[in-house]
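For the sequence shown, the residue numbers in my numbering are 1 to 336.
Built from N, CA and C at the ideal position, the CB exists for glycine as well.
A quick note: this is a predicted structure, and the numbers were derived from the prediction, not measured.
Quick notes on the structure that follows.
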Amino acid sequence: MKRSRGLTRGGAAAVLTIAALAVIGPAQAQQTPLKIILFPGLSNLAIFSAQHKGFFAKNNVAIETINTPDSKELREGLAAGRYQIAHAAVDNAVAQIENQKNDAIILMGGDSGLNLLMVQPEIKSIEDIKGKTVVVDAPNTAYALLLYKMLKVKGLERGRDYKVSPVGGTGQRLDAMNKDKSNAAGMMNPPFSIRALKTGPLKSLGSPLAVVGPYQAGGVWVMRSWATANQDLLVRYLKANIEGIRWALEPSNKAEVVKLLTDRLKLTPDVAEASYTMGANAKEGGFAKDLEFNMTGFKTVLALRAELEGQWGGKPPAPEKYLDLSYYQKAIAALK
């Protein structure tokens with residue numbers, strides 16, 4: 001009888017183990033994989049933080065981040081389905097919709113870009129860029145347009161007064177300017193701008209925000225058909241990002257966030273801390289509260305495209321054409 005009771009206890013334990021595995025198994029299966037295409041840099045702080053603190057896992061999402069070499073691959077890869085979600089300057093989404101005729105939608109904001117116009121040491125003013133070469137990612141989107149506007153205000157016209165060399169993302173622009181002094185200027189954001197300032201010889205001629213005003217830079221967009229087919233997943237993904245930025249911008253977490261940036265972006269601690277300080281300053285173009293979309297800043301994006309690219313006959317369309325903020329609103333509501 002004792003033997004029988006022992007077997008019964010063992011059998012019960014086995015049943016409990018199987019039951020526990022049955023509970024764990026489905027939870028693990030719900031970790032939906034997503035491929036995220038982005039540029040390396042501080043703009044990905046929400047993603048880094050959400051990974052670090054387990055917010056994606058909590059929302060049953062498993063992400064893989066892919067660093068894009070340039071905005072061309074970002075836009076084409078998203079349209080082709082190689083990636084599901086794009087994080088970058090949202091002017092790229094406008095270009096994708098207007099130029100490639102892709103049915104994409106912008107879902108959420110992020111930051112104002114934190115860009116600085118970086119130049120070679122012999123350049124004393126914007127006027128000194130005349131007759132020289134500037135480096136950009138793609139020649140007709142986002143931060144390239146900010147650069148052109150800064151130069152236009154000082155009387156310099158693209159094609160007439162300076163050449164444009166498309167070399168890729170911010171890291172590539174920094175490399176191009178360090179390796180070839182004929183590349184006189186380029187727009188850069190942290191941590192690349194901070195690294196350049198700390199190591200020299202490049203210097204800054206200031207922020208484009210002083211010229212253009214509020215600007216919606218970093219954001220999130222997807223293909224509309226994918227969003228429609230994955231509504232709950234998309235809300236969970238955005239929710240994890242919002243949780244990530246909330247944690248990152250909590251002052252008591254600064255030391256841990258700086259360590260995270262040091263590790264993820266391969267930075268020295270001083271560059272990581274300076275980058276974090278810039279990103280935490282919303283008034284100077286850092287991360288918006290809860291990654292809110294800046295409608296005024298987006299109107300600037302459209303106005304620059306109309307002015308500098310001549311689209312829409314010079315009159316920008318209503319911004320709602322490019323947006324669907326309902327997924328973001330649902331994510332915020334879920335967090336409340």
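query                                                                                                                                                                                       : result
Out of Ser207, Pro139, Ala46 and Gly77, which one is the CA nearest neighbour of Ile37?                                                                                                     : Gly77
Could you spell out where the beta strand (DSSP E) holding Leu107 opens and where it closes?                                                                                                : Ala104 to Met108
Going straight from the alpha carbon of Gln233 to that of Thr65, what length do you get?                                                                                                    : One point to set straight first is that residue 233 is Leu, not Gln, in the sequence displayed. Each residue's alpha carbon lies about 17 Å from the other.
Which same chain residues end up closer than 6 Å to Pro269 when comparing Cβ atoms and leaving out the 5 residues on each side of it in sequence?                                           : Thr262
Alpha carbon to alpha carbon, what distance is there between Ala176 and Gly168?                                                                                                             : 9 Å
Kindly indicate the opening and closing residues of the beta strand (DSSP E) around Thr221.                                                                                                 : For clarity, residue 221 is Trp in the given sequence; the question names Thr instead. Gly218 to Met223 is the span of the beta strand (DSSP E), which, as asked, contains Trp221.
Going by beta carbon distance, what residues of the same chain come within less than 8 Å of Gln30, once the five residues before and after it are set aside?                                : Asn60
For Lys330, I'd like the list of residues in its chain whose CB is within less than 6 Å of its CB, leaving aside the five on either flank, ordered along the chain.                         : Val235
Short of 8 Å in beta carbon distance, which residues of its chain neighbour Ser338, apart from the five on each side in sequence? Order them along the chain.                               : As shown, the chain starts at 1 and ends at 336. That puts residue 338 outside it, with no answer to give.
Rounded to whole angstroms, what's the CA-CA distance from Ala318 to Leu107? Just pull it up for me.                                                                                        : 16 Å
Beta-carbon separation of Leu74 and Met188 under 8 Å?                                                                                                                                       : no
Can you tell which of Leu308, Asn44 and Gly109 has the C-alpha that lies nearest to the C-alpha of Leu323?                                                                                  : Gly109
For Val235, does the three-state DSSP call read helix, strand or coil?                                                                                                                      : helix
According to DSSP, is Thr65 helix, strand or coil?                                                                                                                                          : strand
Identify whether Ile37 lies in helix, strand or coil by the three-state DSSP scheme.                                                                                                        : strand
From Asn294 to Gln216, what distance separates their C-alpha atoms?                                                                                                                         : 6 Å
Return the chain-ordered list of same chain residues with a C-beta closer than 6 Å to the C-beta of Val93, the five sequence neighbours on each side being excluded.                        : The question names Val, yet the displayed sequence has Ala at residue 93. If we look at Ala93 and ignore the five residues flanking it on each side, its Cβ neighbours are Ala104, Ile106 and Trp221.
In three-state terms, what does DSSP make of Tyr328?                                                                                                                                        : helix
In terms of residue numbering, what span does the alpha helix (DSSP H) encompassing Val167 cover?                                                                                           : No alpha helix (DSSP H) holds Val167; DSSP gives it neither H nor E.
Is there contact between the segment 290 to 310 and the segment 207 to 214, where contact requires at least three CB pairs shorter than 8 Å?                                                : yes
For Asp161, I'd like the list of residues in its chain whose CB is within less than 6 Å of its CB, leaving aside the five on either flank, ordered along the chain.                         : Lys130
So which of Val301, Leu325, Ser326 and Leu260 has the shortest CA-CA distance to Gly314?                                                                                                    : Val301
Which residue marks the beginning of the beta strand (DSSP E) containing Gly186, and which one marks its end?                                                                               : Asn183 to Met188
When you compare only the Cα positions, how much space is there between Leu114 and Pro251?                                                                                                  : 20 Å
Would you check if the segment 264 to 278 and the segment 83 to 92 touch, i.e. whether three or more CB-CB distances between them fall below 8 Å?                                           : no
Which residue or residues does DSSP assign as beta-bridge partners of Ala86?                                                                                                                : Ile37 and Trp221
Report yes if the CB atom of Tyr327 is closer than 8 Å to the CB atom of Ala227, and no otherwise.                                                                                          : yes
Could you give the C-beta distance for Phe39 and Thr68, rounded to a whole number, given that I count them as a contact under 8 Å?                                                          : 6 Å
May I ask you to report which of helix, strand or coil DSSP gives Leu205?                                                                                                                   : coil
Identify, in the order they occur along the chain, each residue of the same chain with its Cβ nearer than 7 Å to the Cβ of Lys239, setting aside the five sequence neighbours on each side. : Asn59, Ala331, Ala334 and Leu335
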